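Following: one structure in structure tokens, then a few remarks.
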Amino acid sequence: MHFFTYRGGELYAEDVPVRLLAEKYGTPLYIYSYNTVLRHFKAYDEAFKSYPHIICYALKANTNGALLKLLANNGCGADIVSGGELFRALRAGMSPQRIVYAGVGKTEAEIRAALKSRILMFNVESEDELREIDRVAGLMRVKAPIALRINPDIDAQTHPYISTGMKEHKFGISIKDALQYYRLAKSLKHIAVVGLQKHIGSQIIKIAPFVDALEKILALLDRLNSSLFKIKYLDIGGGLGIPYDDEKPPVPADLARRLLPIINGRKLTLIMEPGRSIVGNAGILVTKTLYLKKGDGKDFVIVDAGMNDLMRPSLYDAYHQIIPVVQNRRASMTSDVVGPICESGDFLAKKRKLQRVQKGEYLAVMSAGAYGMSMSSSYNSRPQIAEVMVKGMSHSPVRKRATYEDLVKDELMPGFLK
Ligand code: LLP
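So the sequence shown is numbered by my numbering: it starts at 821 and just counts up by one.
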């Protein structure tokens, strides 16, 4: 559910016409709906309220500071994967005791920063990493709280690039070796074993993989807790899908209904790491039609947003709905919607049936709030685009459009070229 709707043939972001925002802030433009983000966060919080839980928003989906602040203000924590994300989460006011840190390649500096901030726990992905965290914690004379990320070998049935929970993936520790790794963790002086984590992939639109993975890791957790361990945090990762087209993914209440009865009776704190399902449908990308081009047996709508602004179609062949900002009664057309980047892979949609558009008209690329801006770049020297947040009738820029000067501001000129 989101708050981008048509009123009288015009697309609105909450109570503001999208056209007005495009005219005021220029295009391409990311627009986020405050109330949609809040609603999605609350849907999780409500659904799991009968069980102790922490919602750790996966920053990688969208790191805009205003969006993080909105989540922090409502008690949301963070799932981070880098020192940069730690910095952003703390800066937004997220409590360190609600921060979990994943990722296969944490550096010493990043581990130090996280220990210094006293985050809730590291989600550890390998033996080498475990030993490194122990070493760094020793140098700092602290104990590092950790969970092991267990790879349950479950097929998330999603795009192969965003599936992570099978044994061939680089993530986590194989479930069959888990016990041995937990024993090792317990033997390390500067490690405190507090949790168990799994995350099997992203854009999962069926409930079965969540249930199967949970059952598998709970069996392990019970075994651990019945012996030497006191595991308090059960982190089930993120991955809940959203409708991009006509998918009907489960909602947090469906997840809670299926997962809580399985967990109940155990004294744990449940951690979830949703990213896409919080922000995905809370953002759109607005783009302007620059040209219409008739190719040989194919038509193109050339727009001012490119793969550098929204990479998902090019990278994963991902589907994003594209709809007119102002509806008309013209017949439909079938076209590729492409950007200005000099690559054939630069498209937002292929063979897409659209309402006939004209030069200068705006289009909205839907469900672009997750992994849109956060994966964008300035490829082809296109300055990164602006972001705006709408709340009811108010709107405010939350990131200004970069300039040409921004493109070069961090470059240095060697003496021998001056
Ligand atoms: N936790 C961990 C450990 C993760 O690796 C991820 C996502 C999440 C949580 C959040 O997953 P979500 O709830 O957003 O599905 N760029 C891709 C998605 C990559 C996801 C990476 N990990 C895309 O645009 O579809």
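Just so it is clear, CB atoms sit at the ideal spot from N, CA and C, and this is done for glycine as well. Keep in mind the model is a prediction, meaning the values are calculated, not measured.
- Taking the Cα positions, His1010 is about 34 angstroms away from Lys869.
- The beta strand (DSSP E) runs of length 3 or more contained entirely in the segment 1123-1187 are, from start to end of the chain, 1142-1144, 1152-1158, 1167-1175 and 1182-1185.
- Under the three-state reduction of DSSP output, Glu905 falls in the helix class.
- Here the alpha carbons of Lys926 and Val920 stand approximately 13 angstroms from one another.
- A direct Cα-to-Cα measurement between Arg911 and Leu858 gives close to 19 angstroms.
- About 11 angstroms separates the beta carbon of Leu1227 from that of Ser1197, a gap too long to meet the 8 angstroms contact definition.
- Take the alpha-carbon of Phe1049 and the one of Ala886: they are about 40 angstroms apart.
- The count of Cβ pairs closer than 8 angstroms, one atom from the segment 994-1010 and one from the segment 1037-1044, reaches three, so the stretches are in contact.
- In the DSSP secondary-structure assignment, Ser994 is bridged to Asn971.
- Contact between Ile970 and Leu1040 is confirmed by a C-beta separation of about 7 angstroms, below the 8 angstroms threshold.
- Tyr832 and Met1213 have their C-alpha atoms spaced approximately 10 angstroms apart.
- Under the criterion of beta carbons closer than 8 angstroms, Ile1142 and Val1185 qualify as touching, at roughly 5 angstroms.
- For Arg1202, there is no enclosing beta strand (DSSP E), as DSSP marks it with neither H nor E.
- When the five nearest sequence neighbours on each side are left out, the beta carbons in the same chain lying within less than 8 angstroms of the beta carbon of Val924 are those of Glu945, Ser946, Glu949, Lys990 and Phe991, in order along the chain.
- By the CB criterion at 7 angstroms, Pro972 and Ile1205 fall outside the cutoff.
- Exposed is the label assigned to Ser1152, since fewer than 16 other Cβ atoms lie within 10 Å of its Cβ.
- Comparing C-alpha distances from Asp1066 to each of Ile1025, Ile1104, Gly1235 and Leu1232 shows the shortest one belongs to Ile1025.
- The three-state reading of DSSP puts Arg1219 in strand, counting E and B together.
- Taking C-beta separations shorter than 8 angstroms and ignoring five residues to either side along the sequence, the partners of Met960 in its chain run Arg932, Leu935 and Lys936, following chain order.
- DSSP, reduced to helix, strand and coil, places Met1193 within a helical segment of the structure shown.
- Across the set Ile1020, Ala1073 and Gly1235, the C-alpha of Ile1020 shows the shortest separation from the C-alpha of Lys987.
- Secondary structure note for Leu1237: it is in no beta strand (DSSP E), with a DSSP letter that is neither H nor E.
- Secondary structure at Glu952: helix, using DSSP grouped into helix, strand and coil.
- Rounded to whole angstroms, the gap between the alpha carbons of Gly1126 and Leu940 is 38 angstroms.
- Restricting attention to Ala1188, Lys1114 and Leu1135, the CA atom closest to the CA of Gly1100 is found in Ala1188.
- Two segments are said to touch when three or more pairs of C-beta atoms, one from each, lie closer than 8 angstroms; by this definition the segment 1053-1067 touches the segment 1088-1100.
- A distance below 7 angstroms between beta-carbons, with the five flanking residues on each side excluded, links Ile900 to the following residues of its chain, in chain order: Leu879, Leu906, Ala909, Ile919 and Tyr921.
- Two segments are said to touch when three or more pairs of C-beta atoms, one from each, lie closer than 8 angstroms; by this definition the segment 832-843 does not touch the segment 1160-1174.
- Under DSSP, Pro965 forms a beta bridge with Ala1012.
- Around the CB of Ile1082, fewer than 16 other CB atoms lie within 10 Å, so the residue is classed as exposed.
- Note on Cys896: 16 or more other CB atoms within 10 angstroms of its CB, so buried under the neighbour-count rule.
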